[in-house]
Amino acid sequence: LKGETERKVFGAGESYDVPGNSSFEIEVSDEPYHYICHFG
């Protein structure tokens, strides 16, 4: 999340919540990656 300095690692099948009106970056290793975002 914007403003955080510690990187978080998530594996296959894991999820995370992001507060509304925020931003984040995703860094992907050399494996194919599928990102799904749900609102609501």
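If you're matching positions, the sequence shown starts at 8 in our numbering and goes up one per residue.
Note that beta-carbon positions come from the ideal geometry of N, C-alpha and C, so glycine has one too.
Considering only heavy atoms of the ligand COA, does any lie closer than 7 Å to the CB of residue i?
i, result
"S30", "Absent from the structure shown: the ligand COA. Ligands present: none."
Suppose you measure from the CA of residue i to the CA of residue j; what does that come to, to the nearest Å?
i, j, result
"A19", "P39", "11 Å"
"G27", "G47", "10 Å"
Residue i: which of the options sits nearest, CA to CA?
i, options, result
"L8", "S22, G27, E32 and F17", "E32"
"H45", "V25, D37 and V35", "V25"
"E11", "S36, G47 and S29", "S29"
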